[in-house]
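Heads up: the structure comes next, in structure tokens.
Here it is, written out as structure tokens:
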């Protein structure tokens, strides 16, 4: 019903040819109960004709519809003496599906609904020149307004939650339904501006202007023109009320300077554009900064970086890109403009597939800049967006997988979540650290902690379902709780949202391996390695679990032994690998190290074999029954007393 009217069966077009047949189907699809009285249908299709004429015509029409669909193996039409209806057990109507999916949001997933909305309802439909045309367009307008109201509410909710990707998705769907909806145009303008893309925001204003002139012969409203004027001045437009800044302190400005390039022009030009555009887009989201930059700027000499527009900035982000076609490097440094003090600098190597590597590097670079600049601004006593500062500090504390760091990070993230309940990263971070805490130091209240992790993960997904990291946090929380179906769903949602980030892909690969989906896990791992072949050492633990699941014990031991063993459960994994490889002495040594570490770190005072076995039963997150039984039985063979009370479900 969206856009061009049609009927499809498994991708094949089975739309009837006759105009009245199509009109009858449209009336049934748009009717509230998907049924209509036959007299009312005759009045719409053959208005003004006597019943003795319309009766045979209607019977012939119903016969033609049934025969048409039967020729395709379908039977969607129900008919009796008084009523014509659609069999809703055999028919799906995209308008109904979209409304139901949007109604389920945020407990559901909105992307499928947005994909269904391809245009106004019954926008392209060759109806006979009868009352059916007016009835269908009136019903379509009514259904369209209901969907627009749903999308407006969801758009406003996403806007107030800073879920920019979700907000943009709702606004774009709304414009496909109603191209002249100014509120949706203004929302998209704000979204683009807050991502640093002033050009896209101004282009959205031009689209709004052209749509209003074409459809209604009017100009944009005063509110839309005012926003466009602000855009042309390149002044930042805050989506939400920013943190209060003392009156004697201005918001610091950061100039993202053009990239200085050396190398073949055709190669480095695209790379330089990615670097500058992605840095500006990502940094422009910070509430702590006003960002100056031109996303399309790239230069081939250092002198061009001294343009007048960059001279007034408080901080400068300088970058140099060198690439010879096979290898290269990206050097960045963050400089305080007045003193030329270098706050942060780092060099990144590039291989023979630089574009995917750059996509991965940008997020890491932005997080590093955020951390260093946050600390610097705090030392200058400038008030900044406190929840983000706390989140960045907590993220840094968990880098070394120490229990002390995780406990401190948990406290910081709780404070951040209390300050701004709509800050999705704080809730996702809480879910992660609560899960990590159970892996590093099992607690007597493990079940309660896991439920808390699930609660925070669900809230992060509800706030921003377009962020793959939120889905990964939810997936691992559900894995700890043995909700393997929900875990798999969130891994798949994460992959749907981000199909290029190797960290996301490898996390999902390990998750699929623990669920017993080894072929899928290996496919994902291979995809990640193709994107970034040099990152294999960083993904050793993910790859190791995949190889264990596939029964490739030598590869498993090689990968697991090469990493730093940050989690005490790694010793248990090593023990099973050594035992299955026939090295029983090293298996016992590894398991003894695990038992010693567990007894030393456990908060419980009853750190005996039974308690440890119960913990292993729940915390190792293996959802595939045969793999789980194999793992636990192997541990039982190494130390029989360990798993006496473990239930092998």
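In the working numbering, the protein residues as written are 940 to 1588. Note that CB positions come from ideal geometry on N, CA and C, so glycine has one too. Bear in mind that the values here come from a model prediction, so they are computed numbers and not experimental data.
| Item | Value |
| --- | --- |
| Out of curiosity, what's the CA-to-CA distance linking residue 1199 and residue 1285? | 15 Å |
| Nearest to residue 952 by alpha carbon, out of 1122, 1219, 1007? | 1007 |
| When the Cβ atoms of the region 1443 to 1455 are set against those of the region 1463 to 1470, are three or more pairs found closer than 8 Å? | yes |
| Going straight from the alpha carbon of residue 1083 to that of residue 1452, what length do you get? | 44 Å |
| Please report how far the alpha carbon of residue 1351 lies from the alpha carbon of residue 1026, in whole angstroms. | 55 Å |
| Could you check the C-alpha separation between residue 1215 and residue 1128 for me, to the nearest Å? | 21 Å |
| Quick check: the region 1419 to 1431 against the region 1111 to 1126, are at least 3 beta-carbon pairs closer than 8 Å? | no |
| At a cut-off of 6 Å, is residue 1016 close to the ligand GDP when judged by its beta-carbon and the heavy atoms of the ligand? | As presented, the structure is devoid of all ligands, the ligand GDP included, so that no description of it is given. |
| Given this structure, state the Cα-to-Cα distance separating residue 1332 from residue 1348, to the nearest angstrom. | 8 Å |
| Rounded to whole angstroms, what is the Cα-Cα separation between residue 961 and residue 1015? | 14 Å |
| Hey, quick one: how far does the alpha helix (DSSP H) through residue 1443 stretch, first residue to last? | 1441 to 1453 |
| Candidates 1370, 1055, 1031, 1366: which alpha carbon is nearest residue 920's? | Nothing can be reported for residue 920: it is not among the residues displayed for the chain, which extend from 940 to 1588. |
| For the alpha helix (DSSP H) that residue 1390 lies in, which residues bound it at each end? | 1385 to 1402 |
| Using a threshold of 7 Å, state whether the C-beta atoms of residue 1485 and residue 1526 are closer than that. | no |
| Output yes if chain C places a C-beta closer than 7 Å to the C-beta of residue 1122; else output no. | Considering every chain present, this structure includes no chain C. It has just one protein chain. |
| On the DSSP letters alone, give me the boundaries of the alpha helix (DSSP H) that residue 1252 sits inside. | Counting along the chain, residue 1252 falls outside any alpha helix (DSSP H), and DSSP gives it neither H nor E. |
| Taking the Cβ atom as the reference point for each residue, do residue 1273 and residue 1308 lie within a distance shorter than 7 Å? | yes |
| For the alpha helix (DSSP H) containing residue 966, list its first residue and its last residue. | 958 to 969 |
| Let me check understanding here. Comparing Cα to Cα, which of 1442, 1038, 1001, 1150 lies closest to residue 955? | 1001 |
| With respect to the alpha helix (DSSP H) encompassing residue 1140, which residues constitute its N-terminal and C-terminal limits? | 1137 to 1155 |
| Residue 1200 bridges to which residues according to DSSP? | 1260 |
| Taking the beta carbon of residue 950 as the centre, do at least 16 other beta carbons fall within 10 Å, making it buried, or is it exposed? | exposed |
| Would residue 1364 and residue 1330 be called neighbours here (beta carbons separated by less than 7 Å)? | yes |
| If we count the other Cβ atoms within 10 Å of its Cβ and call it buried at 16 or more, is residue 931 buried or exposed? | Because the chain spans 940 through 1588 in this model, residue 931 falls outside it and cannot be assessed. |
| Could you give the first and the last residue of the continuous beta strand (DSSP E) run that contains residue 913? | Since the first residue shown for the chain is 940 and the last is 1588, residue 913 is missing from the structure and cannot be characterised. |
| Beta-carbon within less than 6 Å of residue 1586's beta-carbon, same chain only, minus the 5 sequence neighbours each way: which residues are those? | Per-residue confidence for residue 1586 stands at a pLDDT of 45, beneath the threshold of 50, marking its modelled position as unreliable; the derived number appears in the next sentence. Answer for residue 1586: no residue qualifies. |
| Taking the runs of the alpha helix (DSSP H) that are 4 residues or longer, which of them lie wholly in the region 1336 to 1368? | 1342 to 1358 |
| What did DSSP end up calling residue 1430 once you bin it into helix, strand or coil? | helix |
| To the nearest angstrom, how far is it from the Cα of residue 1167 to the Cα of residue 1144? | 7 Å |
| Using 10 angstroms around the beta-carbon of residue 1115, count the other beta-carbons present and answer buried if the total reaches 16, otherwise exposed. | buried |
| Which runs of the beta strand (DSSP E) at least 3 residues long sit entirely within the region 1007 to 1038? Give them in chain order. | 1016 to 1018, 1022 to 1025 |
| If we count the other Cβ atoms within 10 Å of its Cβ and call it buried at 16 or more, is residue 1133 buried or exposed? | buried |
| Mapping the DSSP letters down to three states, classify residue 1289 as helix, strand or coil. | strand |
| Considering only C-alpha positions, which residue in the set 1054, 988, 986, 980 is nearest to residue 1021? | 980 |
| Could you check which residue in 1276, 1139, 1454 has the C-alpha nearest to that of residue 1428? | 1454 |
| Provide the residue span of the beta strand (DSSP E) that contains residue 1229, from first to last. | 1229 to 1231 |
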